[in-house]
Amino acid sequence: MVIVIARQTLKFGKKVELFALAKDVIAATRKEEKCISYELLDDPYDDNRCAFVERWVDKEALVEHLKTPHLNEWRQKSANLLAEKTTIELYQSDEISF
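In the UniProt record's numbering, the protein residues as written are 1 to 98.
Put into structure tokens, the structure is as follows:
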């Protein structure tokens, strides 16, 4: 499994607009066959920060996601809301049971 944390710093006062805009890309991404989970999280300590947390079956699934029309549309529409480039962290994980 691949886990992605995509951290975003927004322009002042743009969080509500970004979260509203994100609804379509979140819904479309969750329908992708190899998407395990896809969430947009609010930073409770900074009103101008948030993060997408994604879990994918494998790296190939993530690569395919990066080519989707809904993600490309999201990038175009959200670009003017960001104060900085998005930072991406990738993690590889195996399922474990407790």
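Glycine included, every Cβ here is placed at the ideal spot set by N, Cα and C. Source: prediction; values computed, not measured.
The beta strand (DSSP E) that contains residue i, what's its start and end?
i   : result
V25 : Run containing V25: none in the beta strand (DSSP E); it sits in the alpha helix (DSSP H), K15 to R30.
L82 : From DSSP, L82 is part of no beta strand (DSSP E); its letter is neither H nor E.
Helix, strand or coil for residue i per DSSP?
i   : result
L90 : strand
L40 : strand
E60 : helix
L66 : coil
E54 : strand
In or out: residue i buried (at least 16 other Cβ within 10 Å) or exposed?
i   : result
A22 : buried
Y38 : buried
From the options, pick the residue whose C-alpha is nearest to that of residue i; which is it?
i   : options               : result
I5  : D43, A27, L81 and E95 : D43
R55 : I88, C35 and S78      : C35
R49 : V2, L62, K15 and E73  : K15
What is the rounded straight-line gap between the Cα of residue i and the Cα of residue j?
i   : j   : result
L41 : F52 : 6 Å
S93 : K59 : 11 Å
Strictly under 8 Å for the Cβ-Cβ distance: is residue i near chain B by that measure?
i   : result
L10 : The chain inventory of the structure shown lacks chain B, comprising one protein chain alone.
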